[in-house]
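Protein chains in written order, with our numbering: chain C, -6 to 329; chain R, 863 to 1198; chain L, 93 to 399.
Ideal Cβ placement from N, Cα and C applies to all residues, glycine included.
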């Protein structure tokens, strides 16, 4: 398989998915009963200027998708002067609308909170990967022994654990010892330098632990089956016949092969990771994108909801593409 | 003592519910320096298991039940790990650590179907260099030089060392595996079905190579195969296995000209000799199938398919007896 | 039919699977016999005095009371009904859609197959929970809406699984024979391919029920459950909103453990089944060398295990 071909196909697929997501996101908020976007115009919370801006930016008085009348008149370009095109145009300018609740620009709110979720997810995934791979390796190597059984049972158990409930348990356990809510003690600001960041770190511990425990399970299971698969391959027998010790075989032959499916797994998991982040941020009041989405649901803040969904979907698509690229780099069978 | 003496080797495979399948029973043979032994028999008769057992490379469910594998190592400059003094050891009674020093270093094995016997994510040159550096305590540069030497020996251009296994053709892979097997200048080379799944031209190349190695380097070869034509070409002695036991063991001339065991006789008939004056008009085949390991006959293993049996054959397993010096047969019907 | 008997026979000998099955059965039992098992009507507020709100467990109320004075244990028992209903129905929906898509994509292949798989790929990339959140919050709350949303989004994995199975079965002898004698495609699919795939679908179905239950509880916890029904997720939502500061563990913990209980049972059962129907019996080459050569320890004849 040619790497360039493979990459082009994956990029194309990602782009198409992106388009579908944008269109889908647009329609979702307009088709459902109550046309929430039109409802903006009636919202008492927004100022007249704000409503006017929205009307103009998003073409709220125009037809939704295409103008049938204009099309009949032969005005093709004009036929598409609709809400949809207005939406896409706005999107291209980074304009995601205005939050009902805070009256702030949605894009601004998102930009402010994104890094907090990124930090949480990155920390959680890293921990989960490290533990997952280590436990999976040990489990596969000591396959059939009691250690293997214990590790497997733990993985199965934590796989069936609802993320939010684990969060609640850790919250109860950690109360009094570790911060259980928010990101930082009220009063501290980034200008306070190290004190601020250290406190952020402290607040990050329980949420990260929650995410890590939940996601370790799937990595353990994938790594284990991947290693078992690899260890049954002929080249492992060859390695042993060469006189290599088990440790050497693991390190020089098994690991690299076994890790390839992990990359795919990380990509597959991303959708769930995002879902997990929403739950964890809600339980621990971590002010990231996940918590924002939860609040938007509760307060019926549709522009924020729409913007957050778009951001999350796009992130997952992008991350999947990155994983594809990474895989093609790691596996020499997918070469130029 | 010969270079290698295997005495009464027996190997079992354990099934899930604990029953033991007797895959190899009471096999003995000896191998001199610069001589080659052909290990012949149908698929599943225990040939490969015997070889794996000898080197203690059995899979997880394998068990060596009894026997000795006495090896007398020759003085050799390429093995500082073993020292140069000829020592006689029983490989089965060494610690795993000790055993590793002998693997590849003194006895190397080229596996059947080199398709997956090479690690797909590592360069071929690296894989050949690996045992050199492991057993020889040499640095990368010296090892690389040796790799070039080895590749040229088997007729592969040195530039190919930087390639990956999937970039090699089937025949090239087999030759590369052979080169790799010779990396530490072993005393004994075990070739498990080296010619299966290769086209005739490549087969001839490989066989020529083996013959050359035997003559030029004094290499002893154990050739495991079901192809009697190959055996006739390069082997000095032949051990015919059936149902996990030795049927007949003699020099190649004896086996071809005076086969005494009914199974050997049938084998000879089934492989037409193009040079023989009376070319048979039809190919003889042996009706029936080899015995399944979980339902071995009580007496002689070949009895169900034998054409010259008597009552004792079904009841008692025939012992391996010397009919003449150097000619062993296990059959009740052969009495001198 | 034969293969199911065989599967059952093997399953019976796997303790993990049996434990899982019994666990599941216990929950089903509780759900069915809820009216008889629950000490109180879950909606009933009994003699509510201020001290009864969030009262800890006592003789009359084994799991205490919630913030409205209702009995927690009864709510827990009735909650099983919602969870199991959503679990089974949504899972059935996913299985049905996924199997159909997988069968069609796998058997017919070509343009249809590719198109269907592209669709599967799209859906798999879009993150589940955010999408469900958006749909429910726009569409409205309700038991059937939740079931539909979970069911209509959860079929992708099954489709992939079934398709790959069909691809491998398609080329087998008995299929070629059926086609040679002129059997029509739907018939082949229904009578020859489907029975082969069924065991794998069943194993996957058990696992997907657990996924559906967890999805429902997550949605309910985030405030999108059916307001007219008690589900474990809803209980956790109330508990978290109102009882966390008072550390009312009797209200906070039991629903979560109930979810874990049923989920664990399903996962144990499901993974055992999966192991049975999809055996990847590969023995590996790296094993504790000491156990291999029985001689080194000096035990020779003893190693011949009973025949």
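Range covered by the alpha helix (DSSP H) that runs through residue i
i	result
residue 123 of chain L	107 to 124
residue 111 of chain C	99 to 134
residue 1068 of chain R	1062 to 1079
residue 357 of chain L	341 to 369
residue 317 of chain C	295 to 323
residue 1164 of chain R	First-last for residue 1164 of chain R: undefined, no H or E at that position.
residue 334 of chain L	Counting along the chain, residue 334 of chain L falls outside any alpha helix (DSSP H), and DSSP gives it neither H nor E.
residue 243 of chain L	235 to 245
residue 1175 of chain R	1173 to 1177
Within chain B, the residues that residue i reaches when beta carbons sit closer than 7 angstroms
i	result
residue 963 of chain R	The question asks about chain B, but that chain is absent: this structure's protein chains are C, R and L.
Spatial distance of residue i from residue j (CA atoms)
i	j	result
residue 906 of chain R	residue 229 of chain C	22 angstroms
residue 1071 of chain R	residue 1091 of chain R	16 angstroms
residue 232 of chain C	residue 304 of chain C	47 angstroms
residue 318 of chain C	residue 111 of chain C	20 angstroms
residue 137 of chain C	residue 131 of chain C	11 angstroms
residue 266 of chain C	residue 253 of chain L	22 angstroms
residue 122 of chain L	residue 213 of chain L	39 angstroms
residue 1013 of chain R	residue 242 of chain C	24 angstroms
residue 126 of chain L	residue 150 of chain C	26 angstroms
residue 129 of chain L	residue 153 of chain L	13 angstroms
residue 991 of chain R	residue 997 of chain R	10 angstroms
residue 222 of chain C	residue 279 of chain L	36 angstroms
residue 309 of chain C	residue 113 of chain C	15 angstroms
residue 268 of chain L	residue 262 of chain L	8 angstroms
residue 114 of chain L	residue 201 of chain C	34 angstroms
residue 5 of chain C	residue 162 of chain L	56 angstroms
Beta-carbon proximity list for residue i, same chain, < 6 angstroms, skipping 5 on both sides
i	result
residue 1052 of chain R	913, 971, 1084
residue 1180 of chain R	1162, 1192, 1193, 1194
residue 156 of chain L	147, 148, 149, 164, 342
residue 340 of chain L	146
residue 388 of chain L	Legend: pLDDT at residue 388 of chain L = 35, less than 50; position of this residue unreliable, value from coordinates given subsequently. Cβ within range, chain order: n/a, list empty.
residue 239 of chain L	178, 181, 182
residue 1110 of chain R	1102, 1123, 1126, 1191
residue 133 of chain C	217, 220, 221
Opening and closing residue of the beta strand (DSSP E) in which residue i lies
i	result
residue 146 of chain L	Neither: residue 146 of chain L is in no beta strand (DSSP E) and is coded neither H nor E.
residue 885 of chain R	882 to 893
residue 873 of chain R	866 to 876
Beta-bridge pairing of residue i - partner residues as DSSP gives them
i	result
residue 1112 of chain R	R:1100
residue 900 of chain R	R:1085, R:1100
residue 933 of chain R	R:866, R:951
residue 1190 of chain R	R:1111, R:1184
residue 1051 of chain R	R:970, R:1083
residue 171 of chain C	C:168
residue 91 of chain C	C:98
residue 157 of chain L	L:163
residue 965 of chain R	R:969
Close beta carbons around residue i, own chain, < 7 angstroms, minus the five adjacent residues each side
i	result
residue 323 of chain C	253, 256
residue 1185 of chain R	1122, 1191, 1196, 1198
residue 49 of chain C	none
residue 206 of chain C	151, 159
residue 979 of chain R	973, 1039
8 angstroms Cβ shell around residue i - same chain, five flanking residues per side excluded
i	result
residue 872 of chain R	884, 886, 887, 888, 889, 926, 927, 928, 929
residue 328 of chain L	309, 312, 313, 344, 347, 348
residue 1036 of chain R	972, 976, 1056, 1060, 1064, 1068
residue 2 of chain C	none
Worksheet item: Taking Cβ-Cβ distances below 9 angstroms as the criterion, which residues of the segment 212 to 237 of chain L are in contact with chain C?
Response: 213, 214, 216, 217, 218, 219, 220, 221, 222, 223, 224, 225, 226, 227, 228, 229, 230, 231, 232
Worksheet entry | Where the segment 231 to 261 of chain C meets chain R: residues whose CB sits under 7 angstroms from a CB there | 231, 233, 234, 235, 236, 237, 238, 246, 249, 250
Fill in: Contact list for the segment 204 to 233 of chain C against chain R, Cβ threshold 9 angstroms
225, 226, 227, 228, 229, 230, 231, 232, 233
Worksheet entry | Members of the segment 875 to 898 of chain R that neighbour chain C once the beta carbon cut-off is set at 7 angstroms | none
Fill in: Interface positions of the segment 309 to 326 of chain C facing chain L (Cβ-Cβ less than 9 angstroms), listed along the chain
309, 310, 313
Practice prompt. Name, going along the chain, the residues of the segment 998 to 1027 of chain R whose beta-carbon falls closer than 9 angstroms to a beta-carbon of chain C.
Written response: 1026, 1027
Worksheet item: Taking a cut of 8 angstroms between CB atoms, which residues from the segment 304 to 323 of chain L lie near chain C?
Response: 306, 309, 310, 313, 314, 315, 316
Item to complete: Could you name the residues of the segment 333 to 349 of chain L whose beta carbon sits closer than 9 angstroms to any beta carbon of chain C, in the order they occur along the chain?
Response: 336, 339, 341, 344, 345, 347, 348, 349
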